[in-house]
Amino acid sequence: MEQSVPELMARLDSLESSLSMATTINSEVFYWWCTALMLAIHAGFLAYEMGASRAKNALASGMKNLIAFAFLIPAFYYVGWWIYLAFPSGFSIAEGSEAGLPWSEFMGPNLTDNASGIFYAAFTLFAATTASIMSGSVIERIRISGFTILAIFLGAVVWILGASWGWHPDGWLTTEWGLHDVGAAGCVHTVAGFFTLGVLINLGPRIGRFNADGTVNNIDGHNMPMSLIGLMLIVMGFFGFLGGCIIYTGDMWTTIYNTPTTLSAFAFNTLMGVAGGMIGAYLVTRDPFWMMSGALIGVISSAPALDLYYPGFAFLVSFAGGCIMPKLNDILVGKFKIDDAVGAVAVHGFGGVWGLIAAGLFASGYPNVAGPDISFVGQLSSAVVFMILGFVPGYALSYVLKVVGLLRVTEKAELAGLDKAEVPVSAYPESSVPAAFTNDPTSPTPAE
Amino acid sequence: MNTSPITSWEGAEAYFTFADKPALLALFTLIGIGVCVWTIVSMATHENKAYKDM
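Chains as they are written, first to last, in full-length UniProt numbering: chain A, 1 to 448; chain B, 1 to 54.
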């Protein structure tokens with residue numbers, strides 16, 4: 001049966017409308033599941049940090065993670081999303097950023113906006129990741145209240161300002177310097193790692209970590225297998241994290257900088273990065289904890305150019321990261337007496353810097369859509385910006401908290417164990433915990 | 001309490017409760033921030049007491 005031209009046009013319009021809606025729904029579904037997968041990162045950090053704590057501090061360490069997660073969700077809703085939209089050009093407020101204010105018509109159910117909620121959710125999980133990065137380093141002596149304040153400031157203000165500058169299609173680090181960091185190694189990992197370094201300087205080491213002569217005591221966690229499973233969960237969650245770093249437009253994938261890419265590119269290089277980091281860290285430490293931390297190092301090392309690297313080369317970049325970062329952690333602990341309980345400054349802070357610099361060294365010359373080509377100088381300069389952006393607020397705020405007595409627990413509480421001091425339930429009430437790891441202050445660990 | 005900003009789904013855009021009253025939304029934001037701050041203060045008070053009682 002022949003159809004008239006108007007009928008065919010109407011049918012074409014209908015098909016186009018259906019296709020457009022299918023694209024929108026696909027996009028929403030994609031980020032929904034990326035967000036869900038990212039929850040594994042927080043399950044992982046929870047297990048990993050509780051395992052890395054002594055039994056007397058296990059629940060207090062876990063509580064810290066749970067509280068940071070719970071507080072960051074509203075905090076990011078109240079200010080975080082607006083900061084991202086407002087400051088891509090530096091400190092001046094961008095036109096249209098009011099769409100991110102919590103009383104905007106776009107910050108709730110809206111039939112004309114399928115994007116704001118789903119991107120808010122994904123970015124909120126990124127924000128919670130920054131807090132979790134800091135969380136492990138400060139276990140066993142930080143006050144939960146002080147940590148919560150630090151976590152909110154890092155997750156809802158500091159990192160997202162870095163994201164607006166360098167992980168945004170109009171961010172000035174990209175438009176001015178050509179920064180390329182598709183996997184957010186700079187704004188998430190470098191910023192959080194250096195924020196943590198600033199906090200650790202003011203927080204100080206755990207009692208018993210260093211001897212009077214400067215030698216270092218190992219303070220082992222009470223459940224290494226739980227830590228290893230936690231680290232593997234974090235790696236799993238990173239597939240959601242990195243998936244959330246890609247923009248789905250329906251007809252093609254793009255990076256956050258609007259350059260074309262494929263999910264396949266990310267799959268190749270994420271896996272090769274994980275493997276390279278694990279093998280590198282194993283080679284230099286023989287330690288399963290560092291081997292799994294090496295997986296994170298591997299992802300972070302390749303993250304800035306996940307869309308560009310030859311997978312065989314990403315493996316080598318991440319292998320180098322896996323070899324280098326444990327040694328940098330040794331220097332931080334042994335030479336500078338920084339008690340980073342899980343090595344997060346090295347893994348995330350220095351790992352992020354390495355990733356940014358590696359992209360400058362090995363992926364220079366690729367064009368950006370907005371701004372100059374990728375260059376070593378642009379990547380290095382951007383890394384310095386992220387380091388400063390993380391360190392200065394972390395040091396300053398933790399210093400203020402220290403002065404007002406909100407940063408560190410009392411010595412008595414630290415020796416007795418934070419679970420006994422602050423938590424109304426017991427982690428292992430009926431188990432046979434070795435005497436050295438009980439809450440009994442008369443049975444301190446060997447390090448004490 | 002009628003909180004609906006719409007009277008018909010035809011042409012509806014932002015349809016969440018109180019969407020047509022931005023001043024109320026701002027008030028809820030302030031109350032929410034207040035709840036978070038209050039809880040952190042309570043957390044610090046709990047810690048101070050716990051350390052003192054040890």
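Ideal placement from N, C-alpha and C gives every residue a C-beta, glycine not left out.
**Request:** Determine, using beta carbons only, whether A:Lys-412 comes closer than 7 Å to chain B.
**Result:** Along the first sequence, one-based indexing puts residue 412 of chain A at 412. Yes, because at least one Cβ of chain B sits closer than 7 Å to the Cβ of A:Lys-412.
**Request:** Identify whether A:Glu-448 lies in helix, strand or coil by the three-state DSSP scheme.
**Result:** What you label residue 448 of chain A is simply residue 448 of the first sequence in a count that begins at 1. Residue confidence for A:Glu-448 is low, a pLDDT of 49 falling below 50, so the modelled location carries little weight and cannot support an answer.
**Prompt:** Of the residues that make up the segment 97-110 of chain A, which ones have a beta carbon closer than 7 Å to any beta carbon in chain B?
**Reply:** Pro-102, Trp-103, Glu-105, Gly-108, Pro-109, Asn-110
**Prompt:** Is the shortest distance between the beta-carbon of A:Glu-422 and the beta-carbons of chain B less than 7 Å?
**Reply:** Residue 422 of chain A sits at position 422 when you count from the first residue of the first sequence. Yes, contact with chain B.
**Asked** For A:Thr-410, does the three-state DSSP call read helix, strand or coil?
**Response** Mapped onto the first sequence, residue 410 of chain A falls at position 410. DSSP places A:Thr-410 in coil when its eight states are reduced to three.
**Message:** Given this structure, state the Cα-to-Cα distance separating A:Val-158 from A:Val-317, to the nearest angstrom.
**Reply:** For the purposes of this step, residue 158 of chain A is identified with residue 158 of the first sequence, where counting begins at 1. For the purposes of this step, residue 317 of chain A is identified with residue 317 of the first sequence, where counting begins at 1. So the alpha carbons of these two residues sit roughly 28 Å apart.
**Request:** Starting from A:Trp-165, follow the alpha helix (DSSP H) in both directions and report where the run begins and ends.
**Result:** The sequence position of residue 165 of chain A within the first sequence is 165, counting from 1. From DSSP, the alpha helix (DSSP H) with A:Trp-165 extends over 159-166.
**Item:** Where A:Phe-210 falls: helix, strand or coil (DSSP)
**Value:** The sequence position of residue 210 of chain A within the first sequence is 210, counting from 1. Here A:Phe-210 sits in strand by DSSP.
**Message:** Bridge partners for A:Tyr-48 per DSSP, in chain order?
**Reply:** Residue mapping note: residue 48 of chain A aligns to position 48 of the first sequence, counting from 1. Bridge partners of A:Tyr-48: none, in fact.
**Asked** Between the C-alpha atoms of A:Cys-245 and A:Lys-412, what's the straight-line distance to the nearest angstrom?
**Response** Locating residue 245 of chain A in the first sequence gives position 245, counting from the first residue. Locating residue 412 of chain A in the first sequence gives position 412, counting from the first residue. Rounded to the nearest whole angstrom, the C-alpha separation of A:Cys-245 and A:Lys-412 is 45 Å.
**Request:** Starting from the C-beta of A:Leu-328, find all residues in its chain whose C-beta is less than 6 Å away, skip the five residues before and the five after it, and write them out in chain order.
**Result:** The sequence position of residue 328 of chain A within the first sequence is 328, counting from 1. A distance below 6 Å between beta-carbons, with the five flanking residues on each side excluded, links A:Leu-328 to the following residues of its chain, in chain order: Ala-346, Phe-350.
**Item:** Cβ of A:Arg-54 within 7 Å of any chain B Cβ
**Value:** Here the question's residue 54 of chain A lines up with position 54 in the first sequence. Not one chain B Cβ lies under 7 Å of A:Arg-54.
**Cβ-Cβ distance between A:Asp-419 and A:Leu-46 below 7 Å** = As a working mapping, residue 419 of chain A is identified with position 419 in the first sequence. As a working mapping, residue 46 of chain A is identified with position 46 in the first sequence. No, they are not a contact pair.
**Asked** Any idea what DSSP makes of B:Phe-18, helix, strand or coil?
**Response** Mapped onto the second sequence, residue 18 of chain B falls at position 18. If DSSP states are grouped into helix, strand and coil, B:Phe-18 belongs with coil.
**Message:** Please tell me whether B:Gly-32 has its Cβ less than 7 Å away from any Cβ of chain A.
**Reply:** In the second sequence, counting from the first residue as 1, residue 32 of chain B sits at position 32. Closer than 7 Å to some Cβ of chain A, the Cβ of B:Gly-32 qualifies, so yes.
**Request:** Classify B:Gly-11 as buried or exposed, calling it buried when 16 or more other Cβ atoms lie within 10 Å of its own Cβ.
**Result:** Your numbering for residue 11 of chain B matches position 11 in the second sequence. Within 10 angstroms of the beta-carbon of B:Gly-11 lie fewer than 16 other beta-carbons, which makes it exposed.
**Prompt:** Are there three or more Cβ pairs, one per stretch, closer than 8 Å when the segment 178-187 of chain A is compared with the segment 298-318 of chain A?
**Reply:** yes
**Request:** Using a Cβ-Cβ cut-off of less than 7 Å, list which residues of the segment 141-158 of chain A approach chain B; keep chain order.
**Result:** Arg-143, Ile-144, Ser-145, Thr-148, Ile-149
**Asked** Bridge partners of A:Asn-110, per DSSP?
**Response** For the purposes of this step, residue 110 of chain A is taken as residue 110 along the first sequence, with counting starting at 1. According to DSSP, A:Asn-110 bridges with B:Ala-14.
**Message:** In this structure, how does DSSP classify A:Glu-7 when only helix, strand and coil are distinguished?
**Reply:** Taking the first sequence and counting its residues from 1, one reaches residue 7 of chain A at position 7. Helix, per DSSP.
**Request:** Keeping to the same chain, check which residues put their C-beta closer than 6 Å to that of A:Asp-339; ignore five residues upstream and five downstream.
**Result:** In the first sequence, residue 339 of chain A corresponds to position 339, counting from 1. Pro-205, Arg-206, Arg-209.
**Message:** If you follow the alpha helix (DSSP H) that A:Ile-234 is in, where does it begin and where does it stop?
**Reply:** Residue mapping note: residue 234 of chain A aligns to position 234 of the first sequence, counting from 1. 224-243 is the span of the alpha helix (DSSP H), which, as asked, contains A:Ile-234.
**Request:** Using a Cβ cut-off of 7 Å (strictly closer), state whether A:Glu-448 contacts chain B.
**Result:** As a working mapping, residue 448 of chain A is identified with position 448 in the first sequence. Any reading at A:Glu-448 must be qualified, since the residue scores a pLDDT of 49, below 50, and its modelled position is unreliable; no value is offered.
**Asked** Grouping DSSP H, G and I as helix and E and B as strand, with all else coil, what is A:Val-182?
**Response** To locate residue 182 of chain A, count along the first sequence from 1; it is residue 182. Coil at A:Val-182, not helix or strand.
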